[in-house]
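See structure below.
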Amino acid sequence: MRVAIIGAGISGLAVAYYLQKLGMRYDLFEAEAEAGGLIKSPRVGDYQLELGPHSLQLTPDLQELLHELKLNDEIVQPAQVSQNRFIRKDGKYHCLPNSPVKLLMSSFFSWRTKLQIAQEPQKPVQDIPEETISHFFKRRFGQEVVDYLVKPMVAGIYGGDPDQLLLEKTFPYIKEMEKQHGSILKALTKEEQPDRHPVFTLTHGLQALPKAIASKLISLHLDHQVEMVHRTHGKYFLSIKNDEEGLSEVEYDAVIMALPAHKAAEQLEYTAPGLAAALQNVTYSPMAVVHSAYHKHTIGHDVNGFGALHPAKEKQFTAGSIWSSSLFPRLCPDDEVLFSSFVGGTQAPIHTHYPETEIKHRTHIELKANYNISADTPLFQHCQVWPQAIPQPDMFILDVHELVSKLEKEKLFACANWMAGPSVPDCIRYARQLAQKIYSMLPSVQ
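Numbering-wise, the sequence shown is residues 1 to 446 according to UniProt numbering.
Set out below in structure tokens:
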């Protein structure tokens, strides 16, 4: 079996790596001159920036991959203060308890909400098809929990709005808690909670991960833009721009789409028109990442922590900031503080439509006010805008997942974050499972 993989972001790289480990023939095509997708870690002067994910969770799959790539020595653990996470409420930053039960019972919430929380174990179990995240948490815990905990958390993970995102596609284990225990609080107190996977970065930035995977691949074709996928007599052919290697003539038994949804739709217009139409409906959150640096002595607010989120009700320009230099001090000079602020998302998409100079200026004005910064301008500032940053697991994703499942019998697969989930570990896990699934389809494999 020969497999064509289209797109060399982290998903395409990972599935190619695992197919190669299994001894399968593949060709991985990437339109750009560099693999890695949204994982970008430029060094700009004295500053190590992350323009995509800021840090990763060290899951077992990812830990094993880092070991195989000989990146173990590059792992950088965060400072101890990373346990301190803050949310803005009534104009002030509140440090949240690190236990879900302690958080729900803390003084962060009003007495009315705490009463609703205390009554949660008595509330009936409801099996609501296509329930949104907001609807679930409102009926179990009340609107204040949605506004000041759920919405900022979901904005931080998905850049999304929990009023639109489906619980079953985002946090299915929470729905299972209600089903099995009749109560989220009962589940949290009865079950032994697994340890959270620690976060980390790499010495020279997270882009070292896709670069390391790419360096191991024997059939990676950069600057190869696939324009269309064709299927004839059970075989797949690719239309490739500037095809000097003649790969458009190669027959493929299977194709893996590892592209953003809208780009995959363009290539599948004739081969899988139903899926192409569904992919056109996939919603993406727009996001801007703004890095701002200041001298430590100009900052009048404590920044010993992971960072702070801004609920939409707080009417802030940014969705929040990671206090990057508090987590990983090497990211900037020792006498400076580096903030990584996030602008936009589906709860405030209009903010990413401003010119970059305006985004940077508004971010600075907000940081200056919130952190009592005396400096009139940052020492350094950088803005990266991603018009389509994170796919949203809303109502539209259901048709996509169903159609992808049906097309697998025709050996047309998808390996992307709109299938796997938003995080790099999600994509690594999904790619590994998909490679094994395709390998099991070989006639000789029982």
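Even for Gly, the Cβ is constructed at its ideal location relative to N, Cα and C.
Under the DSSP assignment, D127 falls outside any alpha helix (DSSP H); it carries neither an H nor an E label. Runs of the beta strand (DSSP E) lying entirely within the segment 89-143, each at least 3 residues long, are 92-95 in chain order.
Nearest to H382 by alpha-carbon distance, out of V226, T357 and F86, is T357. Exclusion of the five residues before and after L38 leaves G52 as the residues of its chain whose Cβ lies within less than 6 Å of its Cβ. Going by DSSP, L238 is part of the beta strand (DSSP E) stretching over K235 to I240.
Counting along the chain, the unbroken beta strand (DSSP E) around A319 starts and ends at T318 to I322. Under the Cβ criterion (8 Å, minimum of three pairs), the segment 309-328 does not count as touching the segment 402-421. Shown here for Q83: same chain residues with a beta carbon closer than 7 Å to its own, the five before and five after excluded, namely N98 in chain order.
With contacts defined as CB atoms closer than 7 Å, A278 and V400 qualify as a contacting pair. Y430 sits buried, since 16 or more C-beta atoms from the chains shown fall within 10 Å of its C-beta.
Exposure of Q122 is indicated by the presence of fewer than 16 other C-beta atoms within 10 angstroms of its C-beta. Scanning its chain for C-beta atoms nearer than 6 Å, with the 5 sequence neighbours on each side dropped, one finds around H351 the residues V343 and G344, in chain order.
Between the C-alpha atoms of H233 and Y252 there is a straight-line separation of about 11 Å. Shown here, M177 sits in a helix according to DSSP, grouped into three states. H197 has its alpha-carbon roughly 31 Å from the corresponding atom of E30. Cβ atoms of E50 and G205 come within 8 Å of each other, at about 6 Å. Note on L115: under 16 other CB atoms within 10 angstroms of its CB, so exposed under the neighbour-count rule.
When the beta-carbon positions are compared, I10 and P286 stay at least 7 Å from each other. Beta-bridge partners assigned by DSSP to D27: A4.
DSSP places H382 within a strand segment (E or B) once states are collapsed to three. Here the alpha carbons of A375 and K216 stand approximately 46 Å from one another.
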